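Asker:
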Amino acid sequence: MAAANRAEGPGPYEPPARAEPPAQAGPPAPLLVACALRIEQAALRSGGGRGAARPEPGYAVLRTGMGPRAAERAVGRALAEPGLRRAPVLATGFCAGLVPGMSPGDLVVAEETRDPRGTVTCAGTALLAEALARAAPGRTVHTGALTGSDHVVRGQERAELRATGAIAVDMESAATLWTATGAADDGWNRPVAAVRVIVDAPEHELVRIGTLRGGISAFRVLRAVLPAFYDWHRSLLLPRR
Numbered sequence: 320m321a322a323a324n325r326a327e328g329p330g331p332y333e334p335p336a337r338a339e340p341p342a343q344a345g346p347p348a349p350l351l352v353a354c355a356l357r358i359e360q361a362a363l364r365s366g367g368g369r370g371a372a373r374p375e376p377g378y379a380v381l382r383t384g385m386g387p388r389a390a391e392r393a394v395g396r397a398l399a400e401p402g403l404r405r406a407p408v409l410a411t412g413f414c415a416g417l418v419p420g421m422s423p424g425d426l427v428v429a430e431e432t433r434d435p436r437g438t439v440t441c442a443g444t445a446l447l448a449e450a451l452a453r454a455a456p457g458r459t460v461h462t463g464a465l466t467g468s469d470h471v472v473r474g475q476e477r478a479e480l481r482a483t484g485a486i487a488v489d490m491e492s493a494a495t496l497w498t499a500t501g502a503a504d505d506g507w508n509r510p511v512a513a514v515r516v517i518v519d520a521p522e523h524e525l526v527r528i529g530t531l532r533g534g535i536s537a538f539r540v541l542r543a544v545l546p547a548f549y550d551w552h553r554s555l556l557l558p559r560r
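In this text, residue positions in the sequence shown follow the working numbering: the first is 320, and each later residue adds one.
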């Protein structure tokens, strides 16, 4: 039987119960935050810039490299390390929006991620959306299905993916979360989530990924949302009510 937060094929979204961390000696498992690009890693390690929150203890950034296969390999290796075997996993970075009206700098919180292998349900979507709104005031936060691709999506393919019910697409989140839930041991339901910043939208299509290197709004937004990731991680340590 598949893990509780992993379903074969897309289906209706069912909000998951809060995952209780398993009983274990020592400090709680750190949060593993996975991204693909150097520019994303730089934003996540900068701690929000001057006057903002610095990375907290128990927060690890993994740069996987681009594409689903690179994400699978990197996340699988990381979660095999003793200190990360029970780590919650959050996939983040940039993405392409699929819904007209989306703008660069908007945020996407995945209710689920999808790829050809199936669907992974994310934990704490509502909490993440609220925390992101506080961390990046004035930015629109979208929630919905985040679909995976093995290539950059443009033109008509964007509309085709939107027709499946997805609101955004990227190349690593679905592979990251699929690998993370598959790596959970002892039947434990590993908490996973995905938060992406839109850099490419129907009315704002990028020509090449290199245009990200100019200090654009998406970089600043990603750098600002670290406190929301901390809030999500801390919520997993609270006892279930």
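Using N, Cα and C, we set each Cβ at its ideal position, and we do this for glycine too.
In this text the structure is predicted, and so the values were computed from the model without any measurement.
Taking all protein chains shown into account, do 16 or more other C-beta atoms lie within 10 angstroms of the C-beta of residue 492, making it buried, or fewer, making it exposed?
Answerer: For this step, residue 492 is matched to residue 173 along the sequence shown. That one is buried.
Asker: When you measure from the CB of residue 428 to every non-hydrogen atom of the ligand ZN, does any distance come out below 7 Å?
Answerer: Questions concerning the ligand ZN fall outside what the structure shown contains, since it holds no ligand whatsoever.
Asker: With respect to the beta strand (DSSP E) encompassing residue 411, which residues constitute its N-terminal and C-terminal limits?
Answerer: The residue labelled residue 411 in the question sits at position 92 within the sequence shown. From DSSP, the beta strand (DSSP E) with residue 411 extends over 408-416.
Asker: Just the C-alpha distance for residue 546 and residue 450, rounded to the nearest angstrom, thanks.
Answerer: Here residue 546 refers to the residue found at position 227 of the sequence shown. Here residue 450 refers to the residue found at position 131 of the sequence shown. Those two C-alpha atoms are separated by around 8 Å.
Asker: In chain order, what residues of the same chain lie with their CB nearer than 7 Å to the CB of residue 431, ignoring the 5 residues before and after it?
Answerer: For the purposes of this step, residue 431 is identified with residue 112 of the sequence shown, where counting begins at 1. So the list reads 332, 438, 439, 440, 441, 464, once near-sequence residues are dropped.
Asker: If you reduce the DSSP assignment to three classes, tell me which class residue 355 lands in.
Answerer: Position 36 of the sequence shown holds residue 355. Looking at residue 355 - three-state DSSP - the assignment turns out to be coil, as it is neither helix nor strand.
Asker: List the DSSP bridge partners of residue 514.
Answerer: Here the question's residue 514 lines up with position 195 in the sequence shown. BP columns for residue 514 point to 411, 428.
Asker: CA-CA distance, residue 474 and residue 480?
Answerer: One-based indexing of the sequence shown puts residue 474 at position 155. One-based indexing of the sequence shown puts residue 480 at position 161. Answer to the nearest angstrom: the Cα atoms are 11 Å apart.
Asker: Among residues of its own chain, excluding the 5 on either side of residue 521, which ones have a beta-carbon nearer than 6 Å to its beta-carbon?
Answerer: Along the sequence shown, one-based indexing puts residue 521 at 202. The answer, listed in chain order, is 419.
Asker: Out of 391, 380, 433, 426, which has the shortest C-alpha to C-alpha gap to residue 453?
Answerer: For the purposes of this step, residue 453 is identified with residue 134 of the sequence shown, where counting begins at 1. The shortest Cα separation from residue 453 among 391, 380, 433, 426 belongs to 426.
Asker: Report all residues from its chain with a CB closer than 7 Å to the CB of residue 336; omit the five preceding and five following residues, and keep chain order.
Answerer: As a position in the sequence shown, residue 336 is number 17, starting the count at 1. Below a pLDDT of 50, predicted positions are generally treated as unreliable, and residue 336, at 40, falls in that range; the measurement from the model is reported next regardless. The answer is none, since no qualifying residue turns up.
Asker: Please state the DSSP three-state secondary structure of residue 382.
Answerer: Position 63 of the sequence shown, counted from the first residue, corresponds to residue 382. Looking at residue 382 - three-state DSSP - the assignment turns out to be strand.
Asker: Report all residues from its chain with a CB closer than 6 Å to the CB of residue 550; omit the five preceding and five following residues, and keep chain order.
Answerer: The residue given as residue 550 occupies position 231 in the sequence shown. Cβ neighbours of residue 550 beyond the five flanking positions: 450.
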